[in-house]
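Here's the structure, in structure tokens; my notes come after.
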Amino acid sequence: MILDLDAGNTRCKWRIADDKKDVRKSGNSTLEQLCAAPFDEPGIRRVRVSSVRGPEADAMIARWAASNLGLNAEFASATRCLGQVVNGYTDPERLGVDRWLAILAGFDEVRGAVGVVDCGSALTADLVDKDGLHCGGFIAPGLAMMRQSLLSGTDKIRFAPNQRNAGFVPGRDTGEAVCNGALVAATGFVAQAIERFREICGDPVILMTGGDAELIQQQLQFSINLRPSLVLDGLDVALP
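Per the numbering used here, the sequence shown starts with residue 379, numbered consecutively.
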């Protein structure tokens with residue numbers, strides 16, 4: 379059994395899969411909650427990790443894996459190339475490991491031109507051409523980050539920070555206007571990224587992941603395939 383962790387900026391997704399890659403158990407919590415709770419799952423022989431949290435959090439994961447499971451955590455990292463996929467960054471190690479893993483998983487699935495969109499704390503969109511070359515990408519604030527920036531950066535815009543998006547309609551109060559405005563902005567970002575990808579690669583397959591992926595997908599007219607576990611899937615490619 380293999381335990382895979384996707385430690386993002388706000389949440390930590392995990393799953394346990396057998397040697398046939400069938401998922402036996404999965405969860406979604408904060409990293410702190412995961413590391414604080416007992417984890418009694420027999421038969422785990424490897425721990426693979428995608429982490430964008432930084433050295434302190436990575437050390438916490440390593441200690442947790444060692445003390446709870448008696449295992450050394452294996453951390454994925456972005457590289458110059460892996461298999462047919464070539465990292466398009468000038469400095470490959472500067473590409474976020476979550477983006478790299480999603481790119482690897484996306485190309486592994488499609489085996490052709492693919493656009494990978496992650497709608498999490500940040501919005502990211504990356505393009506890989508039919509030969510596996512990463513052509514670069516776009517990054518923008520995610521929905522929650524857009525809302526929070528207005529709360530922290532203005533004096534008179536006030537609303538409940540956990541208010542959910544209502545949709546593509548003009549807001550009738552400040553909270554609704556901000557939430558809907560963020561959704562309009564995020565949807566525009568994704569739509570424009572896909573249009574640019576089409577200009578470069580014709581008609582790439584679009585895969586979308588992240589906590590807000592389904593909400594944003596519902597506002598778009600493009601053919602988009604939801605892949606909730608794309609980063610975790612990338613661990614299979616990067617750390618087989």
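Where a beta carbon is used, it is the ideal one built from N, C-alpha and C, also for glycine.
With a cutoff of 8 Å on beta-carbon distance, G498 and G405 are scored as not near each other. Contact check for T552 and Q597: beta-carbon distance about 21 Å, past the 8 Å limit, so the pair fails to qualify. Beta-bridge pairing by DSSP links A500 to P519.
Residues of the same chain with a CB within less than 6 Å of the CB of D384, apart from the 5 flanking positions on each side, are K391, S428, V609, L610 in chain order. Distance check between R576 and each of F600, R458, A414 places F600 closest, using alpha-carbon atoms only. In terms of Cβ geometry, L501 and G612 do not form a close pair [threshold 8 Å]. DSSP places L460 within a strand segment (E or B) once states are collapsed to three. In this structure, A456 sits away from P433, with a CB-CB distance that is not shorter than 8 Å.
Here the C-alpha atom of E487 lies approximately 34 Å from the C-alpha atom of G559. Secondary structure at E487: helix, using DSSP grouped into helix, strand and coil.
For M438, the enclosing alpha helix (DSSP H) covers residues 433-447. Beta-bridge partners assigned by DSSP to I584: G493.
Per DSSP, the continuous alpha helix (DSSP H) segment holding F567 begins and ends at 552-579. Counting along the chain, V401 sits inside the beta strand (DSSP E) bounded by residues 401-407. Residue pairing by DSSP places A385 opposite C390, S429 in a beta bridge.
The segment 458-470 makes no contact with the segment 439-450; the number of CB pairs closer than 8 Å stays below 3. Within the model, the alpha-carbon separation for N387 versus E554 is close to 25 Å. Within the same chain, Cβ atoms closer than 6 Å to the Cβ of A503 are found at V495, G515, F516, A571, the five residues on either side in sequence being excluded.
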